[in-house]
Each structure stands twice: as C-alpha cells, then as structure tokens.
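Data first, discussion second: the structure below is written as structure tokens.
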Amino acid sequence: MAAAEDIQVKELDKRASGQAFEVILGAPTPDAKGDFPLSPPKKKDVSLEEIQRKLDAAEERRKNHEAEVLKHLAEKREHEKEVLQKAMEENNNFSKMAEEKLNQKMEANKENRTALMAAMNEKFKEKVGDLPCFHIHTSCCVTQNLFFLTGQEVGRGAKEQGDQRSQLGRGHLGRLKAADGCGGGRGGGVYRVFYVSKD
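Using the numbering used here, you'd call the opening residue of the sequence shown number 4 and step up by one each time.
The following block contains the structure:
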C-alpha cells in the first residue's frame, strides 16, 4: 500500500451539484514488497467409509435409473399390446358386421324371389284358369293347335316334372310333339293339356 505522504489530492472543479478531485499516487519505492496470495485450503482427508458411502449412493442411483427405464419400456409394450388388441377387435367386428349384412341381403333376395315366383304363379293361374282342359294318351296323334302348358304327365318322375315347371316359370310354352303321341317309344303316358288357338 502507498504511504499517506505519497498521495496527492488536487481539486479540479467545484460546482453547485458537487465537487471533483484528482488523486495522484506517488511512485512505488524499490523496497516495497507485494502482497502474497493466500495459500489454498488444505484438502480434507477422505476416509474409506466416506468413499464406500459415495459408491453405495452412486449404485443406488444407477439401480433407480435402470428401474425407471424398465418401467417405461414395460408401459410402452403394454400400450402397444392394447393398441394391437383394439385393432384386432375392430377388424373382427367389421368382419362380423359385413357377414351379417351379407346374410341379411341374401335373405332379403330370397324372400323377394319367393314373392316374385308366387306372384307369377298366381298370375299364370288367373290367365289359364278359365281355359278348358282334357287328357289325351300318347298313342294318339296331337294336332298342331294343341300346346303343352302345365308340363304334368301322369306316371313321370318328379325331377322331369320339376324341370318342365321351371321352363314354364320362364314364360315358355312347349309344343307337344307328334312323336310323343304317335308311337314315339313312350306310349301309355297321359298329359294334361289345354286347347289354345294359334292366335
């Protein structure tokens, strides 16, 4: 530190708001000694118990961190499992609903087809209900103005009669051929026919 006699104070300016001074320090003396810095504090001796305690604490922190990571992974896997299960349930529900709609549509089509066939049969009965009918044997020739309408033959199988009925259901009138009535190899059968003019 500089001595008091080495310091000079010079007044610079004096104003109403304050006063300014200039401080002049003297030149340092050659024998002046500088201040030495303080010595660093001595380190505290660490015992083996303290080191072991710090190692145990670090191991505990490591285990806690590992447990947190495993818990996070388990929660993530559980969430993925729930999402997959939900997607499978939605897919199964969609397939089930689609199957139910298809079955309902098929059932409705079946009912409509049944109702249409019933209406066609009823209309057919109304058209041919007033026409005269009679039975003829196949041993007799049939004139060209006789048309086979019902497809019902006495003594024939159910399958053949059903085929002829389905043909009639499509609106066709099968003409009874002369060979069926005149020695064509199927003698003795009886047909139910109607007399219908060619007009």
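Glycine included, C-beta positions come from ideal geometry on N, C-alpha and C.
By the DSSP assignment, the alpha helix (DSSP H) with residue i in it spans what residues?
| i | result |
| --- | --- |
| lysine 128 | 51 to 131 |
Rounded to the nearest angstrom, what separates residue i and residue j at their Cα positions?
| i | j | result |
| --- | --- | --- |
| glutamate 14 | glycine 21 | 12 Å |
| lysine 113 | glutamate 83 | 45 Å |
| alanine 60 | alanine 70 | 15 Å |
| isoleucine 10 | arginine 18 | 24 Å |
| serine 50 | glutamine 88 | 57 Å |
| lysine 74 | glutamate 81 | 11 Å |
| asparagine 207 | phenylalanine 97 | In this structure the chain extends from 4 to 202, so residue 207 is not present and cannot be described. |
| isoleucine 27 | valine 12 | 6 Å |
| lysine 115 | methionine 91 | Lysine is not the amino acid found at residue 115; the sequence shown has asparagine there. Roughly 36 Å between the two C-alpha positions. |
| asparagine 106 | lysine 79 | 41 Å |
| histidine 68 | leucine 58 | 15 Å |
| lysine 104 | arginine 65 | 59 Å |
| phenylalanine 127 | leucine 119 | 12 Å |
| asparagine 95 | glutamate 102 | 10 Å |
| glutamine 55 | valine 72 | 26 Å |
| valine 86 | alanine 121 | 52 Å |
| lysine 45 | glutamate 53 | 18 Å |
| lysine 130 | lysine 99 | 46 Å |
| glycine 29 | aspartate 16 | 22 Å |
| glutamate 63 | aspartate 48 | 24 Å |
| arginine 173 | glutamate 93 | Reliability of the predicted coordinates at arginine 173 is poor, the pLDDT of 41 falling under 50, and no value is obtained from them. |
| alanine 111 | threonine 117 | 10 Å |
| serine 42 | glutamate 25 | 36 Å |
| leucine 76 | lysine 108 | 48 Å |
Quick check: is the beta carbon of residue i nearer than 8 Å to any beta carbon in chain B?
| i | result |
| --- | --- |
| glutamate 52 | Among the chains of the structure shown, chain B does not appear; only one protein chain is present. |
Within the continuous beta strand (DSSP E) that includes residue i, where are the two ends?
| i | result |
| --- | --- |
| lysine 17 | 10 to 17 |
Name the DSSP bridge partner or partners of residue i?
| i | result |
| --- | --- |
| alanine 23 | Asp16 |
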